[in-house]
Every structure is written in structure tokens, then in C-alpha cells.
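Protein chains in written order, with our numbering: chain A, 3 to 375; chain B, 8 to 518; chain C, 5 to 324.
Every residue gets a Cβ at the ideal spot worked out from N, C-alpha and C, and that includes glycine.
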Amino acid sequence: MEKMPKWADVVLIPVISLLLAGILSGLVILAIGEDPIKALWIMFDGAFGSKYNWGYTLYYATNFIFTGLAVAVAFHARMFNIGGEGQAALGGLGVALVCIFIPWPHWSLAILGAIVGSALFGAAWALIPAYLQAKRGSHIVITTIMFNFIASALLNYLLIGALKPIGMMEPATGKFPAATHLPSFHEMLAPLGISFSKGAPANISFLIAIAACVFVWALIWKTRLGYQIRQFGESESAARYAGTSPTKIILVSMTLSGALAGMMALNNVMGEAERLVMNATEGAGFIGIAVALMGRSHPVGVFLAAILFGALYQGGAILSQDTNIPVQLVLVIQALVIMLTGALDNMVRAPLEKMFLAFRRAPKPAPKPTPAE
Amino acid sequence: MTDTPAIELVGISKAFGPVQANKDISIRVMHGTIHGIIGENGAGKSTLMSILYGFYKADAGEIFINGQKTQIPDSQAAISAGIGMVFQHFKLVENFTVLENVVLGAEDGWRLGPSLSKARRQLKQLADDYDLNVDPDARIEDIGVGMQQRVEILKALYRDANILILDEPTGVLTPAEADQLFRILERLKEEGKTIILITHKLREIMEITDTVSVMRRGQMTATVKTSETSPPELAELMVGRKVLLRVDKKPAAPGKSVLEVKDLRVVDVKGVQRLRGVSFEVRAGEILGIAGVAGNGQSELLEVLGGYEKGTGTILLNGEPLDLTGAASDGQTRRARGIAHVPEDRQHEGLIMNFTAWENVALGYHNDPKYQTNALFMNNAALRADTEAKMKRFDVRPPDPSLAAKNFSGGNQQKIVLAREIERNPDLLLIGQPTRGVDIGAIEFIHQQIVALRDQGKAILLVSVELDEIMSLSDRIAVMFDGRIMGERLPAETNAGELGLLMAGVAGEAA
Amino acid sequence: MTDILTLLDATLRLSTPLLLACLAGLFSERAGIFDIGLEGKMLVAAFLSAAFAAMTGNVWIGLLAGIGGSLILSAIHGLASITFRGNQLISGVAINFLASGITVLMAQAWFQQGGRTPSLTGNGRFDAITLPFANALAGVPVIGPIYSEVISGQTILVYVALAFVPLSWWVLFQTRFGLRLRAVGENPAAVDTAGVSVVGLRFAAVAICGVLCGVAGAYLSTGLQAGFVKEMTAGRGYIALAALIFAKWRPWYALYACLLFGFLQAFALRPDLIERWLHFKVQTQLLDVMPYILTIIILAGFVGKAIPPRAGGEPYVKER
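The structure is reproduced here in C-alpha cells:
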């Protein structure tokens, strides 16, 4: 007998966790002497109040879909990939190299090249920790943390060195060629007669992110590989018994994870900045953890959670412009969401399960279960 | 004084979530006796004793120690009440020394040095008093299970336990080691200690206890004097009806050789030799039973044959060699060659508890063409339908393919595994501990299925630590000890005594 | 010569927060609670120490406030990973974000200086202490300058950190508490059945971790620097974690690992010295990431195997 219905697990618990996070954040805002209701309104308006704001919300959401899916895929294999940040950074490097050094005739070809470049670089950066985990038993959490720092140092080194155009002061690559410019929402929607904000950075990579959601859904639940990934994630011993190679699953799932994280660069590097700057990922790799946890590692959940976090980021930015509340408020909310949906899951879950059990017992007594030792 | 029981439990109940493990249990154990508690796996014996030891908290009921009503909210309280417990799975810190393990939790003061010296002296005394010699400076991970069990007993005695609970203490011991343990228990009884022995083995109850309580499905069904009962009566009390102690089967009609194992060797990751040159043969239409105390290489044997452990030597299946180390030594390849495997550990290998029944039916067979829609996608609908059909044929209850494996009882879980493996029409079936944790009704069903498969002319390799099961199912019996086959016997020409000696590594002419 | 001395002096100063955080992690992980939230605890402690020192002008009150803040985060980590048996790694990640966010929020609310505290002066900082005979011994060759220039003249927290190394060893290996603490990290069921509270022990370990992280953070903002700036821990919590693995969860090895990593940090600050001594340019980025690379090599088992406490990261569940 299940302790509670599936919908409670999938919908109710994340919603309650989110509400709790919201209430606690409100208390934080109150503690620093601001009005939480007003703040919430400003954030809401900042995220959804205009097409321009929507454009930013969706732009951030695109980043978080990629990194959220990255964490989610790894979660299915019971790998905790904290290295999304580094993998996304390397993905940026891949995009930059592809855009700068290959003379693309048109963006539609450039984006294909960029997908390959970003996925390859992100995957490669995840592959080393994956290999060490699979073959040497090095804990993936520790190694991926270390690889984030190494990635940051590597990009730092390249951006003040080899990749910086001569004569430029700022540590960044030069602007990508015009042919690699990705259509923004404004450019995409204009032919359809729909006007969208010109200045908002949301671009065609949002559609690629949605495609990635569909891809991950089909992969995990409809294919043999996905079945094997889940098998391994649930029980390594059963996977070995079934003839699934742990090494293969660790490598494949982490490679996929890294590739997805890397593909975030399509949005922030190619779509928005159109050049590679220092610290381009801005913590999106870590937000992927919150997004995956909240989205219960399901692509639909990841998509919704990513939109929510996109709104939080955009709303938080507006909030910091309009009030005395720094944008780091978003970090606090993010922390609370990770804590409540991840580590404190049992705190929310246990009382709910009790409630459902009591509720179910009340009308008719539960069938007599088999006793166990 | 002698009229006051050492322990009296009144109306103990305990539920784990929806599962009622103990229901209104009352029991009295007199001073200076050995009291047995017998019951099937899952009858609630361990739960009851864990409550007495303060490891679990009872939902209802009272505990009296020496006539005094006593609250035992935690193990600390049990220890102060003079209760010691040796768990089935030892509670030792592996990389600590014996001395450190004994002292842990019973130190004399906040400094460690004086506690350790005192314990060293006292351990010497206890060793002399009870014949319990253990090297105090040995690390737990370096000593054998028999020794580890002694450490557990010493831990209890060091804490001045007057009441000692032992949970399935012989499961990991050879018959000789078990005899030694029983001598120690007799000695403890002579010294006035009260002992509670939990077991599911009738032989042990008859051999050593003074009184015995029988548990069934979380309830206490009877308490009797051992001298006034008999094994058949106890068995009937345990399972609630007359038990068929023998399986009805025709004599085997063995055909051609299906499995031939020659000089098989396995070395584990720590470099320990688990199989030291094992050779045997299983023919079509026969059941070869492998007897032995757990941990003597049977698991590794199944794992090598099942394709998820590497080994050296030769294995011929229908005359063709199997790859033992290379790329083709995995479960997938083995299945393709016609080997089906019901693994020993149902919960960690045979099934994935959080997967639905239909996802579990694909375990190991996800590449089966009939479960595919096309080259890319699996056909989950076909898989579900196939599972439902299998569940009906094997009488799995409830026959709901979308229910998670964890929600089935042990017997129904095992039926799902059996259905998956047997219905593949394999040439060879590997089956480990087929009835562990399975209720008695399902045991009969499972035994019948195994015999039926044999009668279809399949080769069956049966591994079980239950000697009775081995003796009633097998057509030939091989006994394993320390990674070797100690000998082969025919069930009709041997007895438990002889097999027990082989299991202990004695009587050594190898067959 | 002076270059060497300043380098060693910087090594000692930079090693101190690493060492304190590393020992903090050692207590927690030896008890079976993984803690990747060292960074966050240090950060909160750094902020509160600087804030209270700035407001009261008394660095000791600052230190206490820092420890208090770190302890609150420890309590949250304990609640999540011990009481509610949550995932310790996820809890640690959350704590790091919480610290990053909340320090800036509070700094802005209290001081309106863009997420920093006012600069600390006078009694708001820990002063350098001149050890006895420092001047007298200065003339002795080799040892003299090292004693007077490197070892003497540090703030009291440096000496506290160094004293914690033998103290930690003694507590872990010579006391009842240490025996139990190590046992609970290896096999909590053994501790539980021996009648000792697993929850109590683990909370105690997590609390010690909080205190030590508190001191580490206080040292950053009131000893090493004069005030708090956002993200001032700059990954030190993770380097301490790396040092802990490098040290294989042992106090004396922790000292050596932290000195090594501190030395690399000190070296990275003086690229000129490297060029002068080694006659080639070493990228500072390479020195920055050396601790991480070394730790990965250790983790990969190429140089000795680091085996963590066996029950580490697993919540203790008694009932099924």
C-alpha cells in the first residue's frame, strides 16, 4: 500500500515546500525592515509585468531548464552533479570556439555547431569526474566541486590570455561574427505579426530547451537506456544482476548531464552576450540543483521550476533596483527551496503521510497487512 | 524468588507503518533457564526482542524485569536492567579493536586509558570464567564471524548482563561452531544467567532450550516446556497447520550434461579467495543442491554463473564455454545463452523495490524484442500486459502490474521473480535461497514450480542454507565449505549429521 | 631571505582559516555527517564577527557573535541531516547559498555600504602578539628569524588554531567522547545498541564543527582582514574540505595539508617570487587550483587511498 497518493508526492509536497520557503523569505524581508507583501508584488510585476520583463524571465528560465535537466538526469542515476556550473562554463568555451573560429554562413548552421561544441565541452568536463567515480570510486560530489574551481581558473586563464583580442582591456573574447546572431523572441515573433520586446534577451534557445525537456522525458521513461539509468539509480546491485554495467551508466548519465549543462551556453553566451565573458554562468549551474529538486527530476517539473526561478531572478533584479533589498535575496530564497525540497523533505513529508494514513483509515480499516520481522 | 520471572512481557504491540509486527504479546521467562522463541521469518521474533532491548519502542504493553515494572525507552535502560543482546547482524565497529568495542558505551570515565586497562583485566577474567578467549587487540574486520559473536557476548557480560538475548545466533556458524556456542550458553545458564534464544531452527530448540514460545504472524501462539513437545508439534504451531516436510516428486531422469564447472576460482576485491577450485556438473532434468553455511562461496558461485562476478576456470554450458572475464561476462549475455537466475537477495538484486511490477519484469530482459516498439522506444504497454499475464499464472496477489514491488509480501515478490525467470524457458535455472522470508503457502508453491521445471528436463542449480530444503528438493547434494566442494552425496544415502560435518569442513575426502 | 620569511609568514596566516575549517569538518565527518557547508558557516561567522566588532568596538564580542551565527547554521544542518535524515550534501549546498545571500542582506540592512561592514580599527581587530624572547632570539641564525618573524607576531587565533591540532587528536583518540564520536561515524548501530545516543553524539560533533567554523570566519574578517566584504571566504571552505580528504581525516595530517595549501595560496599572491626563483612564469591560476588538483589525485587513489568514515553521509535509520 502506498503511503499517500501520487499527486500528493508530485504536486502537494513541492507546493507546500515552496510556500514555506516563501513565508520564511517574507520573514527575512521583514527582518531587514522592508515590506514583504510589497516586495512580492514588485517581484511579480518585475517578472511578468511586461513583455520586456517576460523576456528576461524566460531568458533566465532557459538557463535553468538546461542546468536543471542536467542535475535531474544525473539524479536518475543517483549521481549528484554539483558541477553544472563548471560544465556550463566549459560549454561557453565550446560555443565561443565554434562561433569565433568557424566561418558560419548563417545562424541556423551556427547553432547546430554551437550545440555540438557546447555539449561536447560540457560533457568532457563531466566525463573526468564520472570516470574517476566509475573506475576509482572518487566521490562525484567532491570531484565536481573541485572541477568547478578548475573550470573557473581555466576560463580565467584563457580570457586574460589566448582568447582575449589584442588591445582589449576587459577579460573577454571579442564579439562573435554577426552570422552567429541567434533570433531573439522579437525577431522570431515579428513575422507572425506579434510584437515582442526588442531589448529582452529571450531567444530561440528557449525552444531548444523545451526540446531538451522532451528529449529527456522520452529518454528516461521510454528508452532502454533510460530504463537502465533508473535501474542503476534505484539499485546498483539489481542493475549488476540484470547485466547493466555500472561504469557505462555512470559515464553515460554524467556525459548527458554535462552536455545539457554545457548547452546552457547557447542561451547566455551565444544568445545574449554574443561573446564569452568571465563568470558568464552567474551561478546558474547551482540553481539547477534547486530546479531539479523542486521539479522532482521530471522534465515537466524542471520546466515549471525553471520558469519560477527565472521569475525569481528577474523579479529579484527589479526589486533590487526599486528598493533597498539586494538581489542576494534570491540566493536566500534559492537556499530555502533547496533546503526544504531537498534536505528537509522528510519534515514536510512525514506529517503529510501521517495525515493521509489517518484519513484513509477513518472511513474503512486498512486491509490486514502481512506482518514482518 | 524463583517464582518471579526474570522477564515478563504483557500485551506488547508494535506496528511499522501499516505493518503490525507484534500484536498483544505476553510471555514469561524464568530465571536461569534457556527460553527459545521460534517462528518463521517475519513472525515478529526479532521485533519483540528489539523492544525488550530498547532498540524499538513498543506502541503498547508493559515490561517487568524481576517482577519490577520497567520502562525501556532505549538500550541504555535495557543495559541498566541487566539485559544484553546479540543481534543477528552484529553491532560492532569494524575498524576498532575488540577491546574498544567492548568498552564503547561502558567506559569508566571521560579518559579512555584507564577504561581500556580495566576492560583488559576484566576481559581476561571473563575469558577464564566462560571459556571465551578473544585477542583484545585484534581488529574486528580481521577476525572471523565466530569470534565476532564472542565479542558480542563479551560486550553483554562486560555490562553485567543477567539476561542474554541471542537473535538467530547460528545462522552464520558451522554446526561445530554452533555446538561450541551452545556449550557457552549452557555454561552461562549454570552461572545463573537467563538466556533467550531466537531461532527458526527446530533442532536448536530441541537441543538446548528449557521452554519454548512459538510466534506466528506477529502473535504468540503457544509457550510449552521443551521436554513436553516434539518437532512436528512445534512446526504445526509455527505455521498454523500440518506441514508437508517432504516435497512430493518423482525420481529424476537426468539427461545430457547442461552445466559443467571445472576448477572455478574467484578472488574478491580485498584479495580473499572466495572460490578455490570448484568443479561439478548439472544435467538436464535434475536438481543439484548446494548446501553450506552462508558465506562459504555459494553467493560468489551464483554470481559468476549469473555473469556479474569475474572468475577463472572453465564453465561449459551445453558444451560451449562461457566467457568469465571479458566483455561477454555479464547478465545480459548469460540470459541470452539460456541461463535464468533467481538471486539469493530478492530485495537488492532480484527486484527493485521502488519499481512497479512491470518494470521489474523487464529487469534483465529490457532488450527482449517483444518489449520494444521500435529501435528507439520500449513498448511499456506490451510489457504491462505480459506482466499481468505472468502474475495471473503465478497467482501473484494482488495481480496489479502497476503496484511497486515494495508493496507485495515476500512470497508474492518471490513469485514475481520466479515468473520472470522460469517463463523464459531457460536451459539452466540458478536459484538461491528460494524461500527465504517467504510464507509457508508460497513455499509449497515455489517448491512445486522448481520440481515442475526439473520434470520438463531443465537443469537446476539450487543454493540454500536451509538443510531441510536442500534435502527435500535435491536429486544430488554438493556441500560447500570455504570456497570448495567438500563432497557430493545422494539425499537417500546421507543424513543431516553427515552433511553437517561436511559443512564444517570436517570429514574431508573430496568427491 | 626576507622574501622567504614573508612568504612563510603569509603561509601561516593563510593556513589558519583553512586549518580551523578543516578541523571543523574533521569532527563532523568523523561522526558521520558530511559537511560541504563549511564555506557558508565561515562566511556567516566572518560577517557577524566583523559586524559586532564594528558596532561594539570589541573584537571578542565579534568572535562570540561569529561563533553564534555559525552554530545556528550547524543547528540547521543537524536538523536536516540528523533529525529529519535528509541528504547531507544537499543541506550543505543550501547552507552555502543561505550564507551568501543572508550576509549581504544583513550587511546592507545594517551598514548600507553595499554588502560590506565598516573597516575595523583598534580593539575591533585581533592584534599581533609578540611571543616571549622574540626580539632576544632574532639574532640566532635560521631559527631566530623564523621564530621572531614568522611564528611570533601572529594574532591569537593563529595560535588557537595551532593548539587545536593536538587538542583534536587528544579528544578523538584519548577520550571517551572521541571513541564514541569515531564509532558513530563508522557504525551508528553499534553506538546505539551500546546505549549511547547517536543523535546526541552527532549533534555534539556538528556543534563543535560550528564553533571551529565560527573561529575560522572570525579570523578572516577580524584577524586576516579588517572587516567583511561579500564572498570573502572565496572557496576556503572547499579547500578545507579538500585538505580534510588530503589529510585522510586525521588531525596532524590536517595541519600539514593546510600548511601546504596555505603555502600555495601565499605563493599565488607573489608571482614575482616564483619568476625570480624558478626562472619561469607560473600561472597564478594554476597555483590557485593546485589544492583541488592535488585532492583529485588523492581521491583517484593514485597516491594512497583516502577512505572516509564508513557511515559518512548516511542518515541513521533504526526502524525500517
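- Query: What three-state label does DSSP hand I168 of chain A in the structure shown?
  - Reply: Coil, per DSSP.
- T216 of chain B to V110 of chain B, Cα distance in whole Å? So the two alpha carbons sit approximately 30 Å from each other.
- Message: Below 8 Å, how does it come out for the stretch 210-222 of chain A and the stretch 50-58 of chain A: are there three or more Cβ pairs, yes or no?
- Response: Verdict: no, contact absent.
- Query: Can you list, in chain order, the stretches of the alpha helix (DSSP H) that have 4 or more residues and sit fully within the stretch 79-144 of chain A?
  - Reply: 86-103, 109-138, all fully within the stretch 79-144 of chain A.
- Message: Does chain C have any CB closer than 7 Å to the CB of G515 of chain B?
- Response: In this predicted model, G515 of chain B has a pLDDT of only 49, less than 50, meaning its place in the structure is not dependable enough to derive any value.
- Message: On the criterion of 16 or more Cβ atoms from any shown chain inside 10 Å, does L16 of chain C qualify as buried, or is it exposed?
- Response: So L16 of chain C counts as buried.
- Quick one: what's got a C-beta closer than 6 Å to R427 of chain B's C-beta in the same chain, skipping five residues either side? The beta carbon of R427 of chain B lies closer than 6 Å to those of V368 in the same chain, with the five residues before and after it left out.
- Give a single yes or no on whether A267 of chain A has its beta carbon closer than 6 Å to a heavy atom of the ligand NAD. Looking at this structure, you won't find the ligand NAD or any other ligand, since it has none at all.
- Task: Report the option in B:N108, B:G89, B:L358 whose CA atom is closest to the CA atom of K98 of chain B.
- Result: The shortest CA-to-CA distance from K98 of chain B to any of B:N108, B:G89, B:L358 is the one to B:N108.
- Query: Given that a residue counts as buried once 16 or more other Cβ atoms are within 10 Å of its Cβ, and exposed if not, what is F362 of chain B?
  - Reply: That one is buried.
- Item | is_contact[Q287 of chain C, chain A] using C-beta, thresh 7 Å | At least one chain A Cβ lies under 7 Å of Q287 of chain C.
- Item | Supposed close pair K319 of chain C, S85 of chain C - CB separation, criterion 8 Å | The residue you asked about is not Lys; residue 319 of chain C is Pro in the sequence shown. P319 of chain C to S85 of chain C, Cβ: 6 Å. Contact.
- Query: Near E69 of chain B, what residues of its chain come up, given a Cβ to Cβ distance below 7 Å and the 5 sequence neighbours on each side ignored?
  - Reply: Excluding sequence neighbours, E69 of chain B sits near V17, G18, K76.
- What do you reckon, are the CB atoms on L282 of chain B and R272 of chain B nearer than 7 Å? In this structure, L282 of chain B lies near R272 of chain B, with their beta-carbon atoms less than 7 Å apart.
- Could you work out which residues of chain C lie near L99 of chain B, taking near to mean beta carbons separated by less than 8 Å? Neighbours of L99 of chain B in chain C, taken as residues whose beta carbon is under 8 Å from its own, are N191, A194 in chain order.
- Inter-stretch contact at 8 Å, needing at least 3 Cβ pairs: the stretch 63-79 of chain C / the stretch 199-206 of chain C: Of all C-beta pairs linking the stretch 63-79 of chain C to the stretch 199-206 of chain C, fewer than three are shorter than 8 Å, placing the two stretches out of contact.
- Message: Please list, in chain order, the chain B residues whose beta carbon lies closer than 9 Å to that of G199 of chain C.
- Response: Result: G61, D81, S82, Q83, A84, A85, I86, S87, G112, A113, R166.
- What are the complete beta strand (DSSP E) segments, minimum 3 residues, inside the stretch 479-512 of chain B? If we require 3 residues or more, the beta strand (DSSP E) runs fully inside the stretch 479-512 of chain B come out as 483-488, 491-496.
- Closer than 8 Å by C-beta to E114 of chain B: which residues in its own chain qualify, once you throw out the five before and the five after it? Chain order, please. Within its own chain, the residues whose Cβ lies closer than 8 Å to the Cβ of E114 of chain B, once the five positions on either side in sequence are excluded, are S122, listed in chain order.
- Task: For the stretch 120-140 of chain B and the stretch 82-94 of chain B, state whether three or more C-beta atom pairs, one from each stretch, are separated by less than 8 Å.
- Result: Fewer than three beta-carbon pairs drawn from the stretch 120-140 of chain B and the stretch 82-94 of chain B are found closer than 8 Å, and the two stretches are therefore not classed as touching.
- Anything in the stretch 136-149 of chain A with a Cβ closer than 9 Å to a Cβ of chain C? List those residues in chain order, please. Answer in chain order: K137, R138, G139, S140, H141, V143, I144, T145, I147, M148, F149.
- Query: Checking contacts by CB at 7 Å: is A244 of chain A closer than that to chain B?
  - Reply: For A244 of chain A, the answer is yes, since a Cβ of chain B falls inside 7 Å of its Cβ.
- Run the CB neighbour count on Q158 of chain C, radius 10 Å, all protein chains shown included, and call it buried at 16 or more, exposed below. Answer is buried; the Cβ neighbour count reaches 16.
- Helix, strand or coil at M227 of chain B according to DSSP, with G and I counted as helix: The three-state secondary structure of M227 of chain B, taken from DSSP, is strand.
- Task: Compare the beta carbon distance of Q209 of chain B and P176 of chain B with 7 Å and say whether it is the shorter of the two.
- Result: Contrary to the premise, residue 209 of chain B reads as Leu rather than Gln in this sequence. No, the pair does not count as a contact, with Cβ atoms beyond the cut-off.
- Item | T321 of chain B in three-state terms, based on DSSP | Secondary structure of T321 of chain B (DSSP, three-state): strand.
- Message: Using 8 Å for Cβ pairs, my map puts D402 of chain B next to K422 of chain B. What's the rounded Cβ distance?
- Response: For a cut-off of 8 Å, the C-beta gap from D402 of chain B to K422 of chain B is around 7 Å, short enough to register as a contact.
- Query: For R277 of chain A, which option in A:A98, A:R80, A:P328 has the closest C-alpha, if you only look at C-alpha atoms?
  - Reply: Ranking the options by Cα distance to R277 of chain A, first place goes to A:A98.
- Query: Where does the unbroken alpha helix (DSSP H) through H188 of chain A begin, and where does it stop?
  - Reply: H188 of chain A: member of the alpha helix (DSSP H) spanning 187-191, first to last residue.
- Message: Please report whether the beta-carbon of A187 of chain C lies at a distance below 7 Å from any beta-carbon of chain B.
- Response: It does; some Cβ of chain B falls within 7 Å.
- Which residues of chain C have a Cβ atom closer than 9 Å to the Cβ of R118 of chain B, listed in chain order? Within 9 Å Cβ-Cβ: Q178, T179, R180.
- Within-7 Å CB hit, L362 of chain A to chain B: Strictly speaking, residue 362 of chain A in this sequence is Arg, with Leu absent from that position. It does not: the Cβ of R362 of chain A has no partner Cβ on chain B nearer than 7 Å.
- Query: Do F50 of chain A and V143 of chain A have their CB atoms nearer than 7 Å?
  - Reply: Not closer than 7 Å, so no.
- Under 7 Å from the C-beta of D292 of chain C: neighbouring residues of chain A: Taking the beta carbon of D292 of chain C as reference, the chain A residues within 7 Å of it are A155, listed in sequence order.
- Query: How long is the line joining the alpha carbons of G357 of chain B and T201 of chain B, rounded to whole angstroms?
  - Reply: If I take the Cα positions, the gap works out to 40 Å.
- Query: Are R431 of chain B and A334 of chain B closer than 7 Å when you measure CB to CB?
  - Reply: No. Outside cutoff.
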